[in-house]
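Working notes, beginning with the structure itself.
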Amino acid sequence: MTTLRFLYQLQCERIIVFVFFFSSTLAFSQTQKELVLGEQPIYKVAKTKDSIIADGKMDEPSWKNAEIRTFDYFFRRDKPADEQKTKFRMLWDDKNLYLFYEFEDSSLTARETQHDGRTYLDDCAEFFCLPIPDSLDMHFGFEVNIPKVKYDYIVLWQFHNNRSIFISSYDPQYEVGVTYDGTLNDDTDIDKGWTMEYIIPLTAFRGFNTRNLAGKKWAFQAVRQDRNLVDDTFRSTSTLFPTYDVILDVHPPNRFGLMEFIEN
278 MTTLRFLYQL
288 QCERIIVFVF
298 FFSSTLAFSQ
308 TQKELVLGEQ
318 PIYKVAKTKD
328 SIIADGKMDE
338 PSWKNAEIRT
348 FDYFFRRDKP
358 ADEQKTKFRM
368 LWDDKNLYLF
378 YEFEDSSLTA
388 RETQHDGRTY
398 LDDCAEFFCL
408 PIPDSLDMHF
418 GFEVNIPKVK
428 YDYIVLWQFH
438 NNRSIFISSY
448 DPQYEVGVTY
458 DGTLNDDTDI
468 DKGWTMEYII
478 PLTAFRGFNT
488 RNLAGKKWAF
498 QAVRQDRNLV
508 DDTFRSTSTL
518 FPTYDVILDV
528 HPPNRFGLME
538 FIEN
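Residue 278 is where the sequence shown starts when you use this note's numbering, and the numbers rise one by one after that.
Shown next, in the form of structure tokens:
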């Protein structure tokens with residue numbers, strides 16, 4: 278690693294640490310939290326003893342113990358055919374979070390090839406996480422399209438003048454596996470669907486306590502972007518938890534649901 282690259286990465290780390298401290302201080306100084314335990318929906322995350330591989334195939338026995346949820350909240354859609362089905366599962370162990378998405382999809386579409394590019398305009402699986410159960414004005418974001426191009430960031434929600442800041446210099450190491458049944462970027466045929474499997478190390482959630490998680494709750498949201506025409510940027514969006522009165526935005530952390538870590 279060159280000296281210049283090392284100094285650049287060091288500066289990025291300092292910025293992230295400052296952002297964590299600043300946003301956390303603001304949030305914890307509030308007298309009211311917008312997330313209230315007992316009011317949000319809860320996803321119970323089973324613990325796995327398997328050695329899970331990110332291959333998009335869900336071969337490991339522990340996946341049979343994972344709670345299955347569907348994405349039932351849709352917006353930004355033109356017609357009923359845009360409401361394609363999605364199933365979501367999640368597991369954990371002492372080192373990682375494991376996510377599995379199953380998508381029905383009649384048109385597999387993904388054009389973004391650049392890291393931290395606009396993967397959200399493609400067929401894309403997204404995961405937003407805040408490693409506490411309260412409402413801070415920040416969260417971690419992971420967005421990956423079918424070719425496994427990643428866009429990862431830290432969000433400072435409505436940081437200034439109701440505008441949010443996305444810190445894309447946050448580049449955690451995590452694994453993604455994909456399978457798909459159909460042809461990519463071909464509007465002339467009818468496809469069947471695709472899967473995506475994430476392995477996110479707990480160390481990716483910098484600045485938060487990720488040890489002894491059994492019984493604890495974190496806030497999160499899982500999202501699908503569904504693009505069905507190669508030459509059109511329109512896509513429909515569906516979510517695991519409702520966004521209520523928030524129009525055309527899936528990022529407000531005060532609308533997240535909860536995951537609860539179950540020891541089994």
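Cβ coordinates follow ideal geometry from the N, Cα and C atoms, glycine included.
Beta-carbon separation (whole angstroms), F351 vs C406, contact threshold 8 Å: 22 Å between Cβ atoms; not a contact.
Just list the residues that DSSP pairs S513 with in beta bridges. D503
Alpha carbon to alpha carbon, how far is D448 from T480? 12 Å
Does the beta-carbon of S445 have 16 or more other beta-carbons within 10 angstroms, so that it is buried, or is it exposed? exposed
If distances are taken between C-alpha atoms only, which option among Q361, M367, D332 comes closest to T325? M367
Close beta carbons around T460, own chain, < 8 Å, minus the five adjacent residues each side: So the qualifying residues of the chain are L385, D466, D468.
Considering only DSSP beta bridges, list what P478 is partnered with. Its beta-bridge partners are N373.
Could you give the distance in angstroms between the alpha-carbon of D371 and the alpha-carbon of D464? Whole-angstrom Cα-Cα distance: 43 Å.
How many Å lie between L398 and G484 at the Cα? Between the alpha carbons of L398 and G484 lies a gap of roughly 30 Å.
Within the same chain, show all residues whose beta-carbon is closer than 6 Å to that of V500, passing over the 5 residues directly before and after it, in chain order. For V500, where only same-chain residues beyond five positions count, the Cβ hits under 6 Å are E403, T516, V527.
Excluding sequence positions up to five away, which residues of its chain have a Cβ less than 6 Å from the Cβ of M536? So the qualifying residues of the chain are Y320, V322, W495, F497.
Take F443 and list the residues in its own chain whose beta-carbon comes closer than 7 Å to its own, dropping the five residues that flank it on each side. If the five residues before and after F443 are omitted, its C-beta is found closer than 7 Å to the C-beta atoms of Y430, V432, all from its own chain and listed in chain order.
At the level of alpha carbons, what is the spacing between R504 and N489? 39 Å
Between A491 and the rest of its own chain, which residues show a CB-CB distance below 8 Å, the 5 nearest in sequence each way excluded? K324, F538, I539, E540
In three-state terms, what does DSSP make of L413? coil
Rank M415, V426, Q317, G534 by C-alpha distance to the C-alpha of G394 and give the top, closest one. V426
CB contact flag (Y375, I329, <7 Å): yes
Taking only three categories from DSSP, how would you classify T520? coil
Tell me the rounded alpha-carbon separation between L303 and R440. Summary for L303: the model assigns pLDDT 37, below 50, so the residue's position carries little reliability, and this model does not support an answer.
Between which two residues does the beta strand (DSSP E) carrying Y551 extend? Residue 551 is absent from the structure shown; the chain starts at 278 and stops at 541.
Return yes when the Cβ of T390 is within less than 7 Å of the Cβ of Y428, no when it is not. no
What's the C-alpha gap between F417 and F365? 19 Å
Give me, in chain order, the residues of the same chain whose beta-carbon lies closer than 7 Å to that of P408; leave out the 5 immediate sequence neighbours on both sides. F482, F485, T487, W495
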